[in-house]
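Quick notes on the structure that follows.
Structure, rendered in structure tokens:
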């Protein structure tokens, strides 16, 4: 398994949200298309904005805490027909590990809000990996000046990214797997 981190959130040419995940020190990652509501939740989680009343992900986190369970990790374990599948791992109050079928987008929102690691199985990564050398580095842990500069770099990247090339690459990979 490879540990991934959120590199960014983008819109493709059809205005569909894409989460870009990366593996440290490889300059490679993968793009996962997600729904608009999940993208909004992820963007809110990354911004750290708090609301006076709990949102759905907050409710889930609060429920896990109330049950004295703990998030352990999430694993993106497979991809079928360009749909990614993940498992969320928690430990219950007795310490027993439980596996919960989950969407990668939900796992990412929870991981950002709660701080647990996200992994991708190596064969999933290898079948979907893209070159990230032109994407700016993560800016979530920088100071205000660096964050502003990185955000500008990320905006420039978003304007230059060709999601159609990524889609063609994924379709090509899917076609070779079907043969």
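In our numbering, the protein residues as written are 3 to 181. A virtual CB, placed ideally from N, CA and C, is assigned to each residue, including glycine. Just so it is clear, the structure is predicted and the values come from calculations on it, not from any experiment.
Inset, instruction - Kindly list the residues whose CB is nearer than 6 Å to the CB of residue 6, restricted to its own chain and excluding five residues on each side of it in sequence; keep chain order. - result: Within the chain shown, residue 6 is the residue found at index 4, counting from 1. Result list for residue 6: 23, 25, 120, 122, in chain order.
Legend entry - Cβ contact check for the segment 90 to 100 and the segment 51 to 60: 3 or more pairs under 8 Å: no
Legend entry - residue 129 to residue 93 span [Cα, whole Å]: As a working note, residue 129 is residue 127 in the chain shown. As a working note, residue 93 is residue 91 in the chain shown. Between residue 129 and residue 93, the C-alpha separation is close to 30 Å.
Inset, instruction - Just the C-alpha distance for residue 47 and residue 113, rounded to the nearest angstrom, thanks. - result: Translated into the one-based positions of the chain shown, residue 47 becomes position 45. Translated into the one-based positions of the chain shown, residue 113 becomes position 111. Cα to Cα, the separation comes out at about 9 Å.
Legend entry - Distance, residue 118 Cα to residue 81 Cα: For the purposes of this step, residue 81 is taken as residue 79 along the chain shown, with counting starting at 1. For the purposes of this step, residue 118 is taken as residue 116 along the chain shown, with counting starting at 1. Computed Cα separation, rounded: 22 Å.
Legend entry - DSSP beta-bridge partners of residue 100: For the purposes of this step, residue 100 is identified with residue 98 of the chain shown, where counting begins at 1. Paired residue(s): 92.
Legend entry - Euclidean distance between Cα positions of residue 60 and residue 18: Taking the chain shown and counting its residues from 1, the one referred to as residue 60 is at position 58. Taking the chain shown and counting its residues from 1, the one referred to as residue 18 is at position 16. Their Cα atoms are separated by approximately 25 Å.
Inset, instruction - Keeping to the same chain, check which residues put their C-beta closer than 8 Å to that of residue 109; ignore five residues upstream and five downstream. - result: What you label residue 109 is simply residue 107 of the chain shown in a count that begins at 1. 76, 78, 88, 90, 120, listed in sequence order.
Legend entry - Under 9 Å between C-beta atoms of residue 69 and residue 45: Numbered from its first residue, the chain shown carries residue 69 at position 67. Numbered from its first residue, the chain shown carries residue 45 at position 43. Not closer than 9 Å, so no.
Inset, instruction - Would you decide whether residue 67 is buried or exposed? Buried here means 16 or more other CB atoms lie within 10 Å of its CB. - result: In the chain shown, the residue the question calls residue 67 occupies position 65. Answer is exposed; the Cβ neighbour count stays below 16.
Inset, instruction - Give the secondary structure of residue 39 by DSSP, where H, G and I count as helix, E and B as strand, and everything else as coil. - result: For the purposes of this step, residue 39 is taken as the residue at position 37 of the chain shown. Three-state result, residue 39: helix.
Inset, instruction - Using only alpha-carbon positions, find the residue among 134, 132, 126 that is nearest to residue 83. - result: Counting from one through the chain shown, the residue named residue 83 turns up at place 81. When each option's Cα is compared against that of residue 83, the closest is 126.
Inset, instruction - Report the three-state DSSP secondary structure of residue 82 (helix, strand or coil). - result: The residue labelled residue 82 in the question sits at position 80 within the chain shown. DSSP places residue 82 in strand when its eight states are reduced to three.
Inset, instruction - Express the C-alpha separation of residue 104 and residue 63 in angstroms, rounding to a whole number. - result: As a first step, residue 63 is located in the chain shown; it is residue number 61 there, counting from the start. As a first step, residue 104 is located in the chain shown; it is residue number 102 there, counting from the start. Distance between the alpha carbons of residue 63 and residue 104 is about 14 Å.
Inset, instruction - Just the C-alpha distance for residue 10 and residue 37, rounded to the nearest angstrom, thanks. - result: For this step, residue 10 is matched to residue 8 along the chain shown. For this step, residue 37 is matched to residue 35 along the chain shown. Using only the alpha carbons, I get a separation of about 15 Å.
Legend entry - N- and C-terminal bounds of the alpha helix (DSSP H) containing residue 62: In the chain shown, the residue the question calls residue 62 occupies position 60. Its alpha helix (DSSP H) spans residues 58 to 68.
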